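For the record, the sequence lines run as chains A and B.
The letter at position 432 of the first sequence is residue 432 when you use this note's numbering, and the numbering goes up by one with no holes.
Just remember that this note's numbering sits 1000 ahead of the position in the second sequence, which is counted from 1.
Cβ atoms here follow ideal geometry from the backbone N, Cα and C, with glycine treated the same way.
As the structure is a computational prediction, the values presented were derived from the model and not from experiment.
There are 2 protein chains.
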Amino acid sequence: FKWLNLYRSLQTYVILTAVGITIGFVAASLNIVTEYLSNIRTGYCSSHFYLNKSFCCWGELEESKCSNWVEYSQFAPLNYTMFILISLVLSFTASSLVLNYAPFAAGSGISEIKCIVSGFTLSGFLSTWTFLMKSIGLPLAIASGLSVGKEGPSVHYAVCVGSIISKLFLQGFPNKQKDNTTGKSRTSSSLTFKNILVASSAAGVAVAFGSPMGGVLFSIEEISNMFKLSTMWESYYCSLVAVFVLKLMNPFRTGQVVMFEVTYDRDWHFFEIPFFIILGVFGGIYGIIISKYNIKMVSFRKKFLGEHALKEVLILAGITSIISYFNDFLKMDMTEGMQILYEECSDIFENHKICHLANNYQIFNTLLTLALATLIRMILIVFTYGCKVPAGIFVPSMACGATFGRALGILVQLWHKHNSSSKLFTTGCLADDTKCITPGTYAFLGAASALSGITHLTVTVVVIMFELTGALKYIIPTMITVAVTKIINDNYGKGGIADQMIEFNGLPFIDPHEDHDFFDHVVDDAMTLKTVSLLEKGLTYKQISVFIADTNFQTLPIIESLQKPIIKGIIGRDELITVIQKNQLLKNIELDTPCHFSSTDSDSMDVINFTNYINPAPITVKLGTPLETVLDLFHKLGPKCILIEQDGLLKGVITRKDILRYEYYLHNVVSGHNEDSEVL
Amino acid sequence: FKWLNLYRSLQTYVILTAVGITIGFVAASLNIVTEYLSNIRTGYCSSHFYLNKSFCCWGELEESKCSNWVEYSQFAPLNYTMFILISLVLSFTASSLVLNYAPFAAGSGISEIKCIVSGFTLSGFLSTWTFLMKSIGLPLAIASGLSVGKEGPSVHYAVCVGSIISKLFLQGFPNKQKDNTTGKSRTSSSLTFKNILVASSAAGVAVAFGSPMGGVLFSIEEISNMFKLSTMWESYYCSLVAVFVLKLMNPFRTGQVVMFEVTYDRDWHFFEIPFFIILGVFGGIYGIIISKYNIKMVSFRKKFLGEHALKEVLILAGITSIISYFNDFLKMDMTEGMQILYEECSDIFENHKICHLANNYQIFNTLLTLALATLIRMILIVFTYGCKVPAGIFVPSMACGATFGRALGILVQLWHKHNSSSKLFTTGCLADDTKCITPGTYAFLGAASALSGITHLTVTVVVIMFELTGALKYIIPTMITVAVTKIINDNYGKGGIADQMIEFNGLPFIDPHEDHDFFDHVVDDAMTLKTVSLLEKGLTYKQISVFIADTNFQTLPIIESLQKPIIKGIIGRDELITVIQKNQLLKNIELDTPCHFSSTDSDSMDVINFTNYINPAPITVKLGTPLETVLDLFHKLGPKCILIEQDGLLKGVITRKDILRYEYYLHNVVSGHNEDSEVL
């Protein structure tokens, strides 16, 4: 027994290590490819065409004066054309790969993964083809300049890796045992499998952001449907391995696992809190607006653009590149842009022109660039998220928040400059301190706020932002901003974008974190009355085989008699088939061979005995049990169906889908709160 | 309905804000008092006796040459005597306050809080007196130099604050309703109450470490028995408010909420990983040894020192101060010591003598000091943790880990110095780089490892260490070290010290995070057969009142008849009494008035009708249900008891205590694995 446990835990470690290493390796490769492809839109390396910009210019004192990296032509319009053309080629490749080989690889994937982890199957979603197309399509889509991020897709390909590798391992060793005798409704291997998916999702976020702890928290706050310390540890371990491999491969050659690192030397001041709150409000509004219009766009796409997916992607990529070329922060890679936005302006190094605010013209120009970048990016996100390329929404949201935050920061800095003798400031920072306000921190907080606004995550966002920058001094401001966003979302929002997509697409998902409101309805209302049950005695082989052939019920109750349906147990469809196959090998089965489901004489030759395969103590509830309790039972104990009885007699059966159907009926039909129905 | 929800959520926010503010205020005050009391053991401020050392020396260029802070005498032995005497006075005061006014204020309190949050009551443990004595006793105990930390006690007083304040609010507005009709087993107000306790515990850790996110994770990983997103958000909010108040009050006058801040400029190298693993192993072994011997000490104390608690504390304080005076790292405040241990040695500032490693004598001296500090501190912790003063084990453990880690770091540095041309190093850092190894980071990792070893927490420890120092570059080493500690603990340890104390003290706690092993036992074995049931009809008022007077069953099943015990529902003792009292007001009740539990004619004058107060659909399981499933039902759905039936007939009743009793029986009586029984 002890050895079996040891073997199982070792097996888990081996799988997690393999999964972590693979994810880290894939992430590092994708990082390198993405950077190269992003760069070739604006130019190429004249000495070695296969180098990206930073390697091409390696060793040069100032990147802006790098001699090896050249633009395509001296003639500006030609460069512009190249920029657009390459964007089109990249997005075309990404989209056609996805559409032809793995349609599941489009979009983010987080919604579907939440459903899979909560116990539903979505075949093909975690297949090898999906993994390949998602990994190949992702760098192409990002490099094409579309407003897409890599985080959602990273989670998806990571979970694919987890699924593929753990299936390889678990197939060889089916430790599916003692399930029926003890009446356990989940097998240990399927539990392990789910845990590995959760751990992989953690590793996916970890490598995407270079934030191992953020990954762990993401898996707790967003993916995992049941919090267990062992799952948390598995996520921790898998993230650590993945990030460690990423660090070893060192894709950015900076020794860092994140693309940028910012440190703030200056502290914040209490008088800045109102501005932090404004940033939080922005994030909340951002989340609500983007998800509302994006859902409308997705519904429009479903209705009218079904056949034109590739064209749509091309048009989006075209428009994006045509517009972006003229705005610095839209043109450059989003991560690169955020690095510039987060940074403190310093006197020593030469800064981006965002720091040049000497005269009114420069100020106006900078503010306009930032405002336009925020607004255009928001519009692009609404149209792009959900189109048929691998696409995440985290990083584009952060980019929006960062441009908005930086603009606000610059305004606050100007206000301070013109009122620096005010008593308000002198208590906070010295009157002559020109460095009192750091606009970079506003960009940082804006990014946190927008990320929280779109995902409705709190703890995860704070930890990710913290790991991205190590801004220890800014943990309280970050928490304040995210808290404001959360409060706005709770009161005016409809849930994170992943949950809204689940609802919109009608995916079978019961959110275990939320309280469901069934208005005191009881199980009687939602259950299926006409249940198909097996009789304890008296059925023949013929009846059972007809039954298997004609129906597709997965779990069946066994009752004493039709007149007196006392519950004797349940049996799964798979078990029925297994027993019949076993018996066929051993004895001669005829059509009228009787089938027994509850019998003590086990090996009678002229009977098919299912007794050892039934679960004699299934989960049952009484008539009148509140639906909330039944729902609790479903996602906490994980049965496939629950029997309803009264005085020991079977009255009905209920499944998760029955509950979802009933909840839908309650909310959309009865209460009439179907605001989206006009759009659909 | 909407207004009620709004009102409730507002109420929660008001309570959480009040709780957070109070906790932040108390924490700031305690910090100030602790620092003052710690300092007066070695001297006093000659200009203003009420100032602590750092304020007394405020503005002086170098603290070591502060002129206002003077020792008690020029004569060294007199200073030594004063040091011991003040320690004795402080510990005497702490202990006698606790013993006389609030015995529950002794020790850490985390174990008991885990039990309370999981649903058991421990009256007086969260009372105002306990709160007062814990808050007053804590600075005294820490300042007396005993090897105690403030984290456990901080959690305890924070939860007291949460309990006291929420009771004030919730008393006024009892929203205990619709419980019986819907059959819900928990009331919304008791749920809110528990959530507030969890949120308070988060705030307690947040203010103790100055680590708001660490607090949130602590409440998830250690305290909360059911993870819900709403609880996490409440913890987040409460921690934020508490830390914000702490920051406003600025007790250290450094603008920081932590006592120290360390930043590492240098990165780590791959060849250091074996040493990180050694640190992890140290933490694992540390945790196992300390908890094993501490449990033995606690059992010894229980048996032989029951009457001599005060004397014991005095002897401990005496011995501690006599020994500590001669070891730099034992003598100074633990937090202060850790700050020195974590720091990089720099050429610019004058460093502590720990950085002076010019000759062999200095090296030997430093290493000996560190080794002795580690060893003596470990012995002191074993004897001190559990004595009758408010006492946490987190910080002392971190201090042990830090001294050990620093010693290891110095050894590695020396090894590198003598082999700096080795190929191993040249790949990592430049051959002539004397700053290749940073012993401070080893101290930091050692502290993380020891903290994880004693608490068995992983994610929380990583986040706390991260928030303490902002050592962004060291997140992977921290994770590696903590992972090694975790693996050792899982394989050789017996659980975190809080869980071991729960088991040792026989507190009623079912750990929801763990898989319990019942070796396939079913509910039949553990249930109570002789159940007391109420008959649906036929009982008289006399029988009911005798029943109430003579028994103390909290929940009672209602059956159809003794011959045919079909389950009709359950009723709580409180409901029985309520209905009787209501009826007594309305009508004339005689001893032979019949009592009906399931009747449709509701208001007959000559009957006491309990029908509206019963729960007609209690949670039931069948005979043969695995105990693991029953346990799942208990901590996931939270009923007080579960009925066991077969064919609709009542067969027995089971409560949490029955399960715990049976688990104890299985593990200690049947399997004979009772290693501690010799000690007890």
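In three-state terms, what does DSSP make of residue i?
i	result
B:E1151	helix
B:C1056	helix
A:H356	coil
B:H1156	helix
B:I1567	strand
A:L529	coil
B:T1182	Since pLDDT at B:T1182 reaches only 37, below the 50 mark, its modelled position is unreliable, and no value is offered.
B:G1506	coil
B:K1651	strand
A:K176	With a pLDDT of only 40 at A:K176, under the threshold of 50, the placement of this residue in the model should not be trusted; the figure read from the coordinates follows. In this structure, A:K176 counts as coil in the three-state DSSP scheme.
A:P616	coil
A:G210	coil
B:H987	Any property of residue 987 of chain B remains undetermined from this structure, which presents chain B solely from 1001 to 1680.
A:T485	helix
A:L702	Beyond the ends of chain A as shown, which are 1 and 680, falls residue 702 of chain A; an answer cannot be given.
A:Y44	strand
A:L539	strand
A:V607	coil
A:L472	helix
A:T551	coil
If you follow the alpha helix (DSSP H) that residue i is in, where does it begin and where does it stop?
i	result
B:K1418	Lys is not the amino acid found at residue 1418 of chain B; the sequence shown has His there. Per DSSP, B:H1418 belongs to the alpha helix (DSSP H) from 1394-1418.
B:E1272	Segment: none, B:E1272 is in no alpha helix (DSSP H) and carries neither H nor E.
A:P439	439-455
A:L623	That residue, A:L623, is in no alpha helix (DSSP H); it is neither H nor E in DSSP.
A:P682	The question about residue 682 of chain A has no answer, for chain A in this structure spans 1 to 680.
For residue i, which of the options has the nearest alpha-carbon?
i	options	result
A:L408	A:N505, A:F275, A:F326	A:F275
A:I548	A:Q584, A:E590, A:R573, A:I84	A:R573
B:D1265	B:K1657, B:S1038, B:Y1541, B:S1346	B:S1346
B:G1446	B:K1435, B:W1415, B:V1395	B:V1395
B:S1230	B:G1210, B:E1272, B:S1009, B:I1040	B:S1009
A:T528	A:I644, A:N588, A:I580, A:N195	A:I644
B:L1138	B:G1538, B:C1238, B:I1032, B:S1291	B:I1032
A:G284	A:A483, A:Y13, A:T593, A:S321	A:A483
A:K568	A:S545, A:I577, A:Y613, A:E307	A:Y613
A:F271	B:L1279, B:F1270, B:L1248, B:L1380	B:L1248
A:V329	A:I354, A:I315, A:A317	According to the sequence provided, residue 329 of chain A is Phe. The question's Val does not apply to it. Nearest of A:I354, A:I315, A:A317 to A:F329, Cα basis: A:I354.
A:A105	A:V159, A:F304, A:D267	A:V159
A:F218	A:T128, A:L451, A:L30	A:L451
B:L1370	B:W1415, B:N1359, B:S1324	B:S1324
A:V313	A:H416, A:V389, A:K494, A:V459	A:V389
B:T1320	B:I1021, B:L1085, B:T1012, B:F1075	B:L1085
A:T192	A:Q11, A:V205, A:L591, A:T485	A:Q11
A:T485	A:T455, A:F466, A:T625, A:G470	A:T455
Could you check how far apart the C-beta atoms of residue i and residue j are, in whole angstroms? I think they sit under 8 Å.
i	j	result
B:S1147	B:T1384	5 Å
A:G145	A:Y286	About 21 Å; that fails the 8 Å criterion.
A:L650	A:I559	5 Å
B:G1440	B:E1344	5 Å
A:M479	B:P1212	6 Å
A:L633	B:A1617	At roughly 12 Å, the Cβ-Cβ gap does not stay under 8 Å, so A:L633 and B:A1617 are not in contact.
Please report the residue range of the beta strand (DSSP E) in which residue i lies.
i	result
B:E1645	1641-1646
A:C238	Looking at the DSSP string, A:C238 is not in any beta strand (DSSP E); the run it does join, the alpha helix (DSSP H), is 229-249.
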